[in-house]
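Novice: Have a look at the structure that comes next, please.
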């Protein structure tokens, strides 16, 4: 049991890959494991787009803000909420699908994300390294174009996959007590917040982020530089438009 | 490596549990592993509510449509998208958070779901059984009341956890080729759908579902009985209202 324990506890996101490829047999094994993840009503309302082609990677890259992993990883996996296949099955079987609404999108997104995380864990167990790209939901409309996703399909996350070409330090996490609540939500007092964030705030790299960005606090690096209200509002509108265009906002 | 391989490939959802409890040490180990899952910008914008109290389980049960696992499992975990803690930190650190929008909700939901699936895999590795409850998003407004979730917090999925009290058959999945696409999305022709769903449709339990529900096709069991347009529209409106009430629709 130790191997998995170690693998889950000691895992790190890998952003640099060796040039070695991932063969189809190994990739299939990993994807097959992913598809054993729980899925609402066993509908499997997701699809996985595999990108290996260098030209396709270059097309995707700008929509992932040119993060280097998109062109350097041997395999890019785009996980999509997908009711298109299920709807087609229904229509061909004298059944009228009612899955063009927000709940159905969210159901399919949950399916896709549980598969994504299972694929990542199966990959890491094999010694591969992974990195999630949050840019997928920011630029979903462009990724839809590049991957030619039809109505009923929305990309929800992307994972880059390859053999590790780096061995970074494991990043910090908040203490477990910070994210769990017993029976009911115990809201955070000022002293709770001070205690929970103390270790993160005194880290050397936190100080470096603050100085590099000319900010006063680490929180300001998030609100003013990395995840700004302006960007969030813009991308929220774009994403809601994508849900409408892909046929998920009829309620 | 075989142990995990088997665990991921041979896993089954468990709905019946032995009366044995899960001790805090084991639960903490599993949750700690869950919190090593990838999280956007290392913000950890999720919370996990642990329900062990029989009274609390009874309060939750109706909002999970009285599925028996809610009162019979020793532990219920409700995974929440949570920007409340992060927002509080920002405010106390002279930073103005801009996370009251749909993109931020979805970012936090992704975080919560990756943690949930990692917790489930870590639990199964220890021999525990899990079951996801899709009802969480249907009745989020009621679960918010029972668990006293503040603004900025939305429950996105629930997992029941316990030592297996049954050993069911593993359920079917579509062939892997059905859910993967290479480079671009290859949309499904009528013969693709026939081929992909052939095995599922000829299963004995599929025939049973059709007969029990007086339907003509398996797809009709989904559209007319299990996941109807009427319910989906109703729950879509409720869920969107929850996002608004919890402060995630200002864009």
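Protein chains in written order, with our numbering: chain A, 1 to 251; chain B, 1 to 251.
Every residue, glycine too, gets a C-beta built ideally from N, C-alpha and C.
Computed from a prediction, not measured in an experiment: that's the story for all the values here.
Which residues, taken in chain order from the region 94-107 of chain B, show a beta carbon closer than 8 angstroms to some beta carbon of chain A?
Specialist: So the list reads 94, 95, 96, 97, 98, 99, 101, 102, 103, 104, 106, 107, given in the order they occur along the chain.
Novice: When the Cα of residue 127 of chain B is compared with those of B/81, B/18, B/229, which residue comes out closest?
Specialist: As a first step, residue 127 of chain B is located in the second chain; it is residue number 127 there, counting from the start. It is B/18.
Novice: Consider the Cβ of residue 245 of chain B: report whether some Cβ of chain A lies at a distance smaller than 8 angstroms.
Specialist: Position 245 of the second chain, counting from 1, holds the residue named residue 245 of chain B. No, residue 245 of chain B does not count as interfacial toward chain A.
Novice: May I have the straight-line CA-CA distance separating residue 190 of chain A from residue 115 of chain A, to the nearest angstrom?
Specialist: By one-based count along the first chain, residue 190 of chain A stands at place 190. By one-based count along the first chain, residue 115 of chain A stands at place 115. Going from the Cα of residue 190 of chain A to the Cα of residue 115 of chain A covers about 38 angstroms.
Novice: Rounding to the nearest angstrom, what Cα-Cα distance links residue 62 of chain B and residue 227 of chain B in this structure?
Specialist: Against the second chain, residue 62 of chain B aligns to sequence position 62. Against the second chain, residue 227 of chain B aligns to sequence position 227. Computed Cα separation, rounded: 18 angstroms.
Novice: How should residue 85 of chain A be labelled, buried or exposed, when 16 other C-beta atoms within 10 angstroms of its C-beta is the threshold for buried?
Specialist: Reading the first chain from its first residue, position 85 is the one you call residue 85 of chain A. Its Cβ being crowded by 16 or more others within 10 Å, residue 85 of chain A is buried.
Novice: Could you please give the first and the last residue of the uninterrupted beta strand (DSSP E) stretch that includes residue 68 of chain A?
Specialist: Along the first chain, one-based indexing puts residue 68 of chain A at 68. Element bounds for residue 68 of chain A: n/a, residue is neither H nor E.
Novice: Can you pull the chain A neighbours of residue 41 of chain B, defined as C-beta to C-beta under 8 angstroms?
Specialist: As a first step, residue 41 of chain B is located in the second chain; it is residue number 41 there, counting from the start. Within chain A, the residues near residue 41 of chain B are 134, 222, 226, 227.
Novice: Hey, residue 74 of chain A and residue 22 of chain A are a contact pair by Cβ (cut 8 angstroms); roughly how many whole angstroms apart?
Specialist: The count along the first chain starts at 1 and reaches residue 74 of chain A at position 74. The count along the first chain starts at 1 and reaches residue 22 of chain A at position 22. Sure, about 5 angstroms apart at Cβ, within 8 angstroms.
Novice: Expressed to the nearest angstrom, what Euclidean distance is found between the alpha-carbon atoms of residue 59 of chain B and residue 50 of chain B?
Specialist: The count along the second chain starts at 1 and reaches residue 59 of chain B at position 59. The count along the second chain starts at 1 and reaches residue 50 of chain B at position 50. Cα to Cα, residue 59 of chain B sits roughly 14 angstroms from residue 50 of chain B.
Novice: Mind listing the chain A neighbours of residue 206 of chain B? Cutoff is C-beta to C-beta under 9 angstroms, in chain order.
Specialist: Your numbering for residue 206 of chain B matches position 206 in the second chain. None at all; the shortest Cβ gap to chain A is about 11 angstroms.
Novice: Counting only Cβ pairs nearer than 8 angstroms, list the residues of chain A close to residue 241 of chain B.
Specialist: Counted from its first residue, the second chain places residue 241 of chain B at position 241. In chain order: nothing, as chain A lies at least about 11 angstroms away.
Novice: Taking the CB atoms as reference points, tell me whether residue 248 of chain B and residue 138 of chain B lie closer together than 8 angstroms.
Specialist: Here residue 248 of chain B refers to the residue found at position 248 when the second chain is read from its first residue. Here residue 138 of chain B refers to the residue found at position 138 when the second chain is read from its first residue. No, the Cβ-Cβ distance between residue 248 of chain B and residue 138 of chain B is not below 8 angstroms.
Novice: Taking 8 angstroms as the CB-CB limit, is residue 158 of chain B close to chain A?
Specialist: The residue labelled residue 158 of chain B in the question sits at position 158 within the second chain. Not an interface residue.
Novice: Using the DSSP secondary-structure output, state which residues sit across from residue 161 of chain B in a beta bridge.
Specialist: Position 161 of the second chain holds residue 161 of chain B. BP columns for residue 161 of chain B point to B/75, B/130.
Novice: Check residue 50 of chain B in the structure and name its three-state DSSP category.
Specialist: Working through the second chain from its first residue, we reach residue 50 of chain B at position 50. Residue 50 of chain B: strand per DSSP, three-state reduction.
Novice: Alpha carbon to alpha carbon, what distance is there between residue 175 of chain B and residue 100 of chain A?
Specialist: Here residue 100 of chain A corresponds to residue number 100 of the first chain, with the count starting at 1. Here residue 175 of chain B corresponds to residue number 175 of the second chain, with the count starting at 1. Cα to Cα, the separation comes out at about 25 angstroms.
Novice: For a contact defined as C-beta to C-beta under 7 angstroms, what are the partners of residue 92 of chain B on chain A?
Specialist: Locating residue 92 of chain B in the second chain gives position 92, counting from the first residue. Going along chain A in sequence order, the residues near residue 92 of chain B (Cβ under 7 angstroms) are 190, 193.
Novice: Strictly under 8 angstroms for the Cβ-Cβ distance: is residue 66 of chain B near chain A by that measure?
Specialist: As a position in the second chain, residue 66 of chain B is number 66, starting the count at 1. No, its Cβ sits nowhere closer than 8 angstroms to a Cβ of chain A.
Novice: Please state whether the Cβ-Cβ distance between residue 102 of chain A and residue 240 of chain B is less than 8 angstroms.
Specialist: Here the question's residue 102 of chain A lines up with position 102 in the first chain. Here the question's residue 240 of chain B lines up with position 240 in the second chain. In contact: residue 102 of chain A and residue 240 of chain B (Cβ atoms closer than 8 angstroms).
Novice: So with CB distances below 8 angstroms, who are the chain B contacts of residue 28 of chain A?
Specialist: Taking the first residue of the first chain as position 1, residue 28 of chain A is located at position 28. Under the 8 angstroms cutoff, chain B gives 176.
Novice: How should residue 205 of chain A be labelled, buried or exposed, when 16 other C-beta atoms within 10 angstroms of its C-beta is the threshold for buried?
Specialist: As a first step, residue 205 of chain A must be located in the first chain, where it is residue number 205. With fewer than 16 Cβ atoms within 10 Å of its Cβ, residue 205 of chain A is classed as exposed.
Novice: Is the Cβ-Cβ distance between residue 93 of chain B and residue 122 of chain A less than 8 angstroms?
Specialist: What you label residue 93 of chain B is simply residue 93 of the second chain in a count that begins at 1. What you label residue 122 of chain A is simply residue 122 of the first chain in a count that begins at 1. Contact: no.
Novice: Is residue 208 of chain B helix, strand or coil when you go by DSSP?
Specialist: By one-based count along the second chain, residue 208 of chain B stands at place 208. The answer is helix: DSSP assigns residue 208 of chain B an H, G or I state.
Novice: Keeping to the same chain, check which residues put their C-beta closer than 7 angstroms to that of residue 225 of chain B; ignore five residues upstream and five downstream.
Specialist: Counted from its first residue, the second chain places residue 225 of chain B at position 225. For residue 225 of chain B, where only same-chain residues beyond five positions count, the Cβ hits under 7 angstroms are 213.
Novice: If we require 4 or more residues per run, which alpha helix (DSSP H) segments fall completely within the region 77-150 of chain A?
Specialist: With a minimum length of 4 residues, the continuous alpha helix (DSSP H) runs that stay inside the region 77-150 of chain A are 84-92, 102-125, 135-138, 140-147.
Novice: Counting contacts by CB-CB distance shorter than 8 angstroms, is residue 164 of chain B in contact with chain A?
Specialist: Your numbering for residue 164 of chain B matches position 164 in the second chain. Chain A contact via Cβ: absent.
Novice: Please report how far the alpha carbon of residue 117 of chain B lies from the alpha carbon of residue 105 of chain B, in whole angstroms.
Specialist: Working through the second chain from its first residue, we reach residue 117 of chain B at position 117. Working through the second chain from its first residue, we reach residue 105 of chain B at position 105. Cα to Cα, residue 117 of chain B sits roughly 18 angstroms from residue 105 of chain B.
Novice: Is the Cβ-Cβ distance between residue 46 of chain A and residue 153 of chain B less than 8 angstroms?
Specialist: Mapped onto the first chain, residue 46 of chain A falls at position 46. Mapped onto the second chain, residue 153 of chain B falls at position 153. In this structure, residue 153 of chain B does not lie closer than 8 angstroms to residue 46 of chain A by Cβ.
Novice: Check whether the Cβ atoms of residue 40 of chain B and residue 134 of chain A sit closer than 8 angstroms, and answer yes or no.
Specialist: Numbered from 1 along the second chain, position 40 holds the residue referred to as residue 40 of chain B. Numbered from 1 along the first chain, position 134 holds the residue referred to as residue 134 of chain A. Yes, these two residues count as a Cβ contact at 8 angstroms.
Novice: Residues of chain A with CB under 8 angstroms from residue 118 of chain B, in chain order?
Specialist: Counting from one through the second chain, the residue named residue 118 of chain B turns up at place 118. Chain A residues near residue 118 of chain B: 8, 117, 121.
Novice: Any C-beta of chain B sitting closer than 8 angstroms to the C-beta of residue 37 of chain A?
Specialist: If you number the first chain from 1, residue 37 of chain A lands on position 37. At least one chain B Cβ lies under 8 angstroms of residue 37 of chain A.
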